[in-house]
Every structure is written in structure tokens, then in C-alpha cells.
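*Asks:* Just so you know, we're using this note's numbering here: the first sequence kicks off at 4 and counts up by one.
Each residue gets a CB set at the ideal place from its N, CA and C atoms; glycine is no exception.
Following this message is one structure expressed as C-alpha cells.
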Amino acid sequence: MKFSKAYEPNEYETDIYALWEQSGAFSRKSEKNPKDKSDPYTIVMPPPNANGNLHIGHGLTIALEDILTRYHRLRGEDTWYIPGADHAGFETWVVYERKLEAEGKTRFDYTRDELYQQVWDFVHEQRGNMELQLRALGASCDWNNLVFALDQKVVDTVYDTFGKFWKRGLIYRGKKLVNFCTKHQTAFADIEVTHKEEKGKLWKIAYPLAEPTDSMTEIVIATTRPETLLGDTAVAVNEEDPRYKDVIGKKIKLPLTNREIPIIADEHADMNYGTGAVKITPAHDQNDYEVGQRHDLKMITVIGFDGKMTEEAGEKYAGLTTKECRKAVLNDLEELGLRRGEEDIVHEVGHCYKCDTVIEPLLKEQWFVDMEPLAKKAIETLKAGKIKFHPANKQKVLINYLENLKDWNISRQIPWGIPIPAFQNVDDPTDWIYDTRVNEPEIVSDGKTYRRDPDTFDTWFSSSQWPYITTSDSDKHFPTSVMETGADLLFQWVGRMIMMSLFVKDDIPFKEVYMHGMVLDEHGQKMSKSKGNVINPIETVSKYGSDALRLGLIASRSAGVNQAFSVSKVIASRNLCNKLWNVSRLIQNIVDENPENENNGDGNKALGENWIRREINRTNKELVKLMKNYRFAEAGDMLYDLVWNKYADWFLESEKLWKSTDLLKDTLEKVLIMLHPFAPFVTETIWQALSWTEGLLINQKWPELYKVDEERAKNFDEIIEIVTNVRSHFQSLPGSGLYPIAFHDDQLMYENQLLIQHLTKAPSVPQIKVEEAKGLRLAIPGHNIYLQIPEDIHKKYKANLEDRILKLGQEINTLEARLRNPKYVEKAPKELVEETRNSLEEKNGLIAKMKAELELV
RNA sequence: GGGCGGUUAGCUCAGUUGGCUAGAGCGUUUCUUUGACGUAGAAGAGGUCAUAGGUUCGAAUCCUAUACCGCCCACCA
């Protein structure tokens, strides 16, 4: 293959991916060779929605996970990156129901089994998209072991776990208040409810006493939801409250109804809020429910699952929406003269995270998991530090959450999902049994007939078991190495995976957790369809290349922090790929012209050679450290700097003189290997294009360290300093000319005349005698170098010289002040003090020479 | 109400146990058809590290308080 002038990612990426995939490079070593003894490295991909498209957050997820995977693969480990596809119960169902709606149908037109089959077909039509997109992002995952969330092995494990819970009494059926979305007709777990601040009103309403006392005829309560008055079964006051002490135990005549309800004492009533008296509606408010439990109150359901008032709300109100009913109730109270004012307040209201409908707390029979024993074990494990978190503070946040965890409602009224393997006795509604024959709507057990629970599991009940389900083929790969996922899933997923795994496997699910923050838009705003600021990762890939997206995403990003997406970083990364491409192109040209290597490793050119070996070593060592600590952004910067500022700008530039073929080949290979996890496509494309490389880059071994002659490497540092200094003068001298660079008594200059000339474009680099020294002296300690500029220019440049002397003088002052401080000399590390002294000495020597020079001009 | 994070160059952000002149990319200024790359090369400019105290020989970094921005959790009706 020939190198074109510019790297065009679109021309190569698909083929390169296919090359990897077909070669089997993504499979784990131990699968290909059962005798393989290398250390396991396992990452389980958080399964994207099988039915969806990838968003930019997936871009970041895949970037981080694939960097880790490829890095560890190059390090020779038995690497396994396991892809997955989620059935995304609720999400997918919402999409499908919308489709039904468009066709003029509803879920009630079909049986559950029919619906399940329809969605199954729908999802399988869509499914390829997501997987193609993962490939476009370069995910080097093991496609042969992809797990779909409804695969038999998932369902089997889920049933097994449910059965275990059942037997241990951790599953119970309870009629409790659940968070219900009246639009989607399903309940949610607490954590799935989005709380939003809303402006509302606090209405004050008088409740007349059934038997007025001398001092009191009514109690004024405050509420944000007047319509629930119809379901009130008590009024609570605080028993400490002197205002109400005398009426505790007496009755209230509940307005708009014929009911009398008791006045009870409960700690829930806060003397300092509102009027100190609270209406209690156990069937429609979480707190009131708890009060109701304590006082054994009746529960009256006045709001139905359709979001409308029920018969029990009374003839007048039945059938109204809650909003209409609120208005009606307030009107009626007004007419009765029972309104006692209102005030504006801001309060938190729960919403459906999908459709924004206000979540109604409604009484419903559901399956709950008793979380206490699960959480307890997880807390112990976390406190013992058995799982390492990045960022570290997430560990504490999770512990804190688990300590206050409530029971988990795992029932969902959605056809798309794993059916709950529970059956109810048709003759005895309280008799439930665990049975996995969910394909049958009715079964007979023990001579009794049972009907299947129509509900499905909360998706998270199965996905929280993902780590041991996906790795079930290889014990060696469990617990997995790291769980990389979004910080928003700490409670919802990470916490549950830990609890589930500890219970089911009696082991942690992963050794480390790395959580990334959200990818915000360029101005730091959350991306959303409604704002129209969504960046599509696949479009970005086709515009700039997959590697550019990957490098751009990880740049300047640290664990757990939400960060803006930066197009400029993507562009910079695209340019880096192009740079590397052209570096390779030049090296290939040199190799083609000079197939025989000439005198490597000695002579003057060895300065740069040792220097680049040292720099490659440094990057190598630093990368190993950074990768261990998940410092991706710094690793990316480091590689950028190596390729561009070191390899291309200095090493390759000087190699244009020497053309040390073997070294060029070898150093390029090492650079390609180290960069490969971060820019897999361009590095592999280059590897395939180079004439001398064999096999696939993805399968190479991480580079060994070079042997380096430190002295020579340091000499090259000095050359860099000299060259930079000269260039700077050439730029800023009046006329911007190029001038001879003369020197005397300077071994380094003597040995590197050719190189200096090449890098500075100076017309010549003559050696002179001390007494011939004149011109502009370079301010470089330890060297005697003069730019031979005409006297008139030198005079014009006097101001510049004075500036430099002034600046140097300031630096000297700083150093002297530091050394004058006896405490510094006494307490600071010896090396540091020594360094300060040396530096001061050098600068003093230099300033003396410069002052002398000023005299001459 | 509780908890967490942020505030560093015009923009987006790095800066690990305190250490020498605080870095990167983009943008910006000047110069350059050099044996690859103009998606380039070279040289620059640009920062009272939010504010106020404190600890220290030494603070962007540690401590305390304040301000502003953002996120999460929680039952204040």
C-alpha cells in the first residue's frame, strides 16, 4: 500500500476493523489456547440498548474501555472485553407503544405473549445498528460472546437468583405505595423518579371539629394537594404542640364527605411548618402511608391508575383528572367558607424520567426485595476497601446511599422484559408460588390452579447480575478487572451489581470501578434532544475519524467530572493522526531509498538517537504508571507530545541528515505500539502500510526499554537549547536574516556543526579564535557562541540585549533572595538548595559576559 | 435540609504525596513554497491560579471562612 499525502480515515477504518475481527484478535487467549497461563484482564461492556443508537456518552465509554483493553492486550494479558445488548425494558417499550399508537392500536388489543413477540421482532430488526456503531468506534470486543439481555443464560440466572431470594425470604409481595406513571401504566423504583423543583401553592383549609369545644371549632391544615382531601383518614398533630393538645383523639368532620376522621398525634407533624396540623392520606402520600401504618388507619384510594378520581372520591368528583378535581374541591371549599388562605411555595415533585408526567404514589401489590441484608454485606465489603474506586470519593457516596436504602420494587407492568416466575392461586389470592414455567399462563401445582403474574422484572434486576452472567464461560475472568461506566449509574447499577454478586457469588463483581462524568455540549450544557445540542458520535467519526473522536473525548477529562465536549480537541487529534501518517510516510521513503542501514549508534548522530531512545523510554514508563491510575488524559497528552514535539520536530528532523534506517524503523514501531490503544485505526493502518512490518499491530508486544547513553542524550538537550535560541534571534533580529553561528572552545559545537547548521538554516557554523569573537553572544551557560551579525544590526538590537540582561538580573535576584533565607537553606531538601546554587552561579557567569558584550556594542 | 464537585490564558481544560520560570489544545501575532505533513514548520504575546485569612523556608496545591456555578440525595405537608 502506498501512503497518500493525507490520512483519510474513512478509506481505511472499516477494512481495518474487519481485519482485526476476522483474525480472531478480539477473542481471549485462553479460549484460543486453553493452556494459556497469562493473567486475565476482563472488562464487561455496559450493554447499550439493543434497539437504540449510540450517543456521545457511549463514545466516551467505548473509548476508555477499549484503551484499557488494547493496552492490556499489548501487555500480553489474557484480555476479554465482553460486549452486550440490553433489552432496555421500559425504554424500548415506550418506543414500541408509540409505534402502536401511531397505528391506532393499544397494548390492550393484544395478549402479553403477542406483544412480547412483536417487540422481539421489532428489536431484532433494529439491533444491527448499535453493533455497527460499536465497530465504528473501534471497540475490540469479543463478538462471539456477545450477551443479549434476554438470552437464555440471562433468564436462567435471573430465575435462579429470584428463586434463591424467594427461599431465603428476601422476596415479598406487598401492597405498598409505589411510584406510578399514569401515562406509561407502570411502577418505578424510587431511584428512577426524577425530582424537580416546582412552584406550587400551599392551601390552608379549615376542617371543622365534629364536636366543637369552647376554644376551638376547627383545625386549619395546609396542603399542596387539596384533591387528596377526599382520601383523608386522619389529621395529625404533634403531641408536644400546645395548640392542639386538647383535641387529640377527637374527631373531625371531613368537608365534602360524610366521613368523620380522628385527630391523631404523630411525630410526622412538624409544629413549625404550615399550621402544625397535617391531613393524612395514606393511599396517596409516602409519609402519610407510614403514619397510616403506625396508627392502623384506613386507606382510601381516590386516584386511580388512570390518573383520574375513583368512585370512592365521591360521585361528584369521580372521573375528573386530579387537576380538574383540585379546582373543583377548592371551589367547593370556598363556597363552604372553609378556605383560610394560601401561600406560594417551591417544592420538589416527582416526575416520570421519560414523559415528565407527575408520578402518583399509588397503592399497588408488587414484588419487593428486602434490601437490608444485601446492603449490609455490600457496606462491609466497601468499608473493607475490597473494591477500588476512581474517583475515590464515590466509595463513600455509595456507602452512604446503601445505609439508607429502602426495599426495591422489582415489578414492572410492561410486556417487554423477563416475566416474573411467580404464580397466584386462582382460589386464594394470597397463595403465591415460585415456578419458572412462565411460558404457560396457567399451571397446576399440588392439585391447585395457578395463574401467571403478568408483570416483568425491572431491567436492573437482570443487568445487576451482568458481571457473572457474561463471564460464566471462564472462571478465571471473574471477578472482572474493572467496571467502567457513567457516574450517574453509581446507585442504580454499580451498587446493585455489588450487592447481587456478594449474595449470589459470594464474591465481588469487579476489583475496581472507574466512573466517567457526563459529556456536556461545547458550552457546558447538558445535551438533550429538546435543546438540539446533541452531538452524534458516528457523525463525528465520519467527519474526523474514529481515532480523532477517541483522543478528543479523553483529552482534558478526569474521572467522575462532567466535562464539555471540545471540537478543537477532536480537530487537534485528527491533526495528530495526520502527523503520524506523514512521519511514517517520510520514514517509509527513507527506508525505500536506503534499505541498507549505515553506521548506527555511533558518531555525532548518536546524540539524537540516544535522545529519542530516552524520550521513548520515559514515555513508556510514564504510560505504564498513568494507565495503572486511569489517567487517560495525561497519557494522551504525553503521546501527543512524543509524536509531534519530540519524534517529528526534533528526532526526525535531525535524522534527515543521518537516515539511520534500522533506528527509524525500530523507533517508529515502538511509537505505533504505544499509541495504538489511543488511536487504534491509524496506527494499524500505518502498520499494514509499512513495508517491513509483519502481522497485526493489535497483537504486538509492549516495547522493552532501550539502553541509553544518558550523556549523549543530555548533549542533544543542549543542542535543542542552542538551536531554539538561535532561531529565536533570527526571528527577532531586525531584517529577519540568517547569519553564521561562530564558536570557540566549544566541543559540542565543534562536533555538531552540520546538525546545527541543518536545524537553524544558518549559512555556516565556523570555528573562530577567542580574539575573533564578536557579534551577538548567545545567553547559554557553558557555551561560547556568537551570531555574526553586522554591526549596525547589532546596535539596533542593543535594546533587546538590555532587556535580556534585565530579565536575567531579576532571575538572579530571586535565587539570591531564596539563598539568603537561612530557613530555606536549612529546611529545604539538599538537592534543591544545591541546584539553586548551581543555577545562580551559571547565571552570574552569564550576566557578566553579557554585560561585557553590552560595553562592546 | 444533607452531601459532592467546580472556579487556573480569549475558549475548553490539565496540573498525583506542597518545590525552581503554572502547562496543553484551539484561537491570536510575526516570519517561512525547507526531502513527510499548510490538517504544516519556526518564533512570540497572553495568567494578581474566584475572594479573604491561616499553616509553611516555600501554597494553584494543605486548613478556615465567603461568593458564584453545577450535580446528587432527602418525606417538610
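Find out if the Cβ-Cβ distance for the pair A237, I266 is shorter than 9 Å.
*Replies:* Result yes, Cβ atoms of A237 and I266 sit closer than 9 Å.
*Asks:* Among S767, A851, G420, whose alpha-carbon lies nearest the alpha-carbon of V441?
*Replies:* Considering only alpha carbons, the answer is G420.
*Asks:* What number of angstroms, rounded off, separates the C-alpha of Y175 from the C-alpha of D373?
*Replies:* Computed Cα separation, rounded: 7 Å.
*Asks:* Could you name the residues of the same chain whose beta carbon sits closer than 6 Å to that of T696, not counting the 5 residues immediately before and after it, in chain order?
*Replies:* If we look at T696 and ignore the five residues flanking it on each side, its Cβ neighbours are W690.
*Asks:* Between A863 and D524, what straight-line distance do the alpha-carbon atoms span, to the nearest angstrom?
*Replies:* Look at the range of the chain in this structure, 4 to 860, and you will see that residue 863 is not part of it.
*Asks:* DSSP on F392, reduced to helix/strand/coil?
*Replies:* It is a strand residue.
*Asks:* So who's on the other strand from V122, going by DSSP bridges?
*Replies:* BP columns for V122 are empty, so no partner.
*Asks:* With DSSP collapsed to three states, give me the class of L779.
*Replies:* Residue state, collapsed to three classes: strand.
*Asks:* For the beta strand (DSSP E) that contains A280, what are its first and last residues?
*Replies:* Residues 280-283.
*Asks:* Would you call Y753 buried or exposed, if buried means 16 or more other Cβ atoms sit within 10 Å of its Cβ?
*Replies:* Result: exposed.
*Asks:* Classify K628 as buried or exposed, calling it buried when 16 or more other Cβ atoms lie within 10 Å of its own Cβ.
*Replies:* Looking at its Cβ environment, which holds fewer than 16 other Cβ atoms inside 10 Å, K628 is exposed.
*Asks:* With I194 as the anchor, note down where its alpha helix (DSSP H) starts and where it stops.
*Replies:* Counting along the chain, I194 falls outside any alpha helix (DSSP H), and DSSP gives it neither H nor E.
*Asks:* By how many angstroms is the C-alpha of Q398 removed from the C-alpha of W169?
*Replies:* When rounded, the distance between both Cα atoms is 30 Å.
*Asks:* Pull up the DSSP beta-bridge partners for H350, would you.
*Replies:* Bridge partners of H350: E201.
*Asks:* Going by beta carbon distance, what residues of the same chain come within less than 6 Å of M521, once the five residues before and after it are set aside?
*Replies:* Excluding residues within five positions, the ones whose Cβ falls inside 6 Å are N565.
*Asks:* Using the three-state DSSP reduction, which class does Q253 fall into: helix, strand or coil?
*Replies:* According to the sequence as given, residue 253 is Lys; it is not Gln. Three-state DSSP puts K253 in coil, outside helix and strand.
*Asks:* Run through DSSP, which three-state label would T82 get?
*Replies:* Three-state result, T82: strand.
*Asks:* Who pairs with L790 in a beta bridge, going by DSSP?
*Replies:* According to DSSP, which records beta bridges pairwise, L790 is partnered with I744, L779.
*Asks:* How many angstroms separate the CA atom of Q495 from the CA atom of T462?
*Replies:* The straight-line gap from Cα to Cα measures roughly 11 Å.
*Asks:* Closer than 6 Å by C-beta to Y247: which residues in its own chain qualify, once you throw out the five before and the five after it? Chain order, please.
*Replies:* Hits under 6 Å: V240.
*Asks:* Considering just the uninterrupted stretch of the beta strand (DSSP E) at F863, what are its terminal residues?
*Replies:* For residue 863 there is no data in the structure shown, the boundaries of the chain being 4 and 860.
*Asks:* Give the straight-line distance between the Cα atoms of G657 and H732, rounded to the nearest whole angstrom.
*Replies:* Sequence inspection shows Ser at residue 657; the Gly mentioned does not correspond to that position. Answer to the nearest angstrom: the Cα atoms are 21 Å apart.
*Asks:* So what does DSSP say about S448, is it helix, strand or coil?
*Replies:* Strand, per DSSP.
*Asks:* What are the partner residues of K628, as DSSP defines its beta bridges?
*Replies:* None, per the DSSP bridge assignment.
*Asks:* Given a cut-off of 9 Å on the beta-carbon distance, is the pair G548 and V685 in contact?
*Replies:* In contact: G548 and V685 (Cβ atoms closer than 9 Å).
*Asks:* Kindly list the residues whose CB is nearer than 8 Å to the CB of K202, restricted to its own chain and excluding five residues on each side of it in sequence; keep chain order.
*Replies:* Same-chain partners within the cutoff: D347, I348, V349.
*Asks:* Alpha carbon to alpha carbon, what distance is there between D410 and E242?
*Replies:* Rounded to the nearest angstrom, the two C-alpha atoms are 30 Å apart.
*Asks:* Can you look up G177 in the DSSP assignment and give me helix, strand or coil?
*Replies:* Three-state result, G177: strand.
*Asks:* Where in the segment 564-612 do unbroken runs of the alpha helix (DSSP H), each at least 4 residues long, occur, reported from the N-terminal end onward?
*Replies:* Runs found: 570-596.
*Asks:* Comparing C-alpha positions only, which one of T278, E263, A636, D42 sits nearest to P245?
*Replies:* When only C-alpha atoms are compared, the closest one is T278.
*Asks:* In the DSSP assignment, find the beta strand (DSSP E) that holds I224 and state where it starts and stops.
*Replies:* Here the beta strand (DSSP E) through I224 covers 221-226.
*Asks:* Should D550 be labelled buried (16 or more other beta-carbon atoms within 10 Å of its own) or exposed?
*Replies:* That one is buried.
*Asks:* Take N803 as the anchor and find which of E714, P737, R342 has the nearest alpha-carbon.
*Replies:* When only C-alpha atoms are compared, the closest one is P737.
*Asks:* So who's on the other strand from Y162, going by DSSP bridges?
*Replies:* DSSP output for Y162 lists no bridge partner at all.
*Asks:* Pull the bridge partners of S414 from the DSSP assignment, please.
*Replies:* DSSP output for S414 lists F460 as bridge partner(s).
*Asks:* Among L63, L408, Q756, R616, which has the Cα closest to the Cα of A192?
*Replies:* Minimum Cα distance to A192 is reached at L408.
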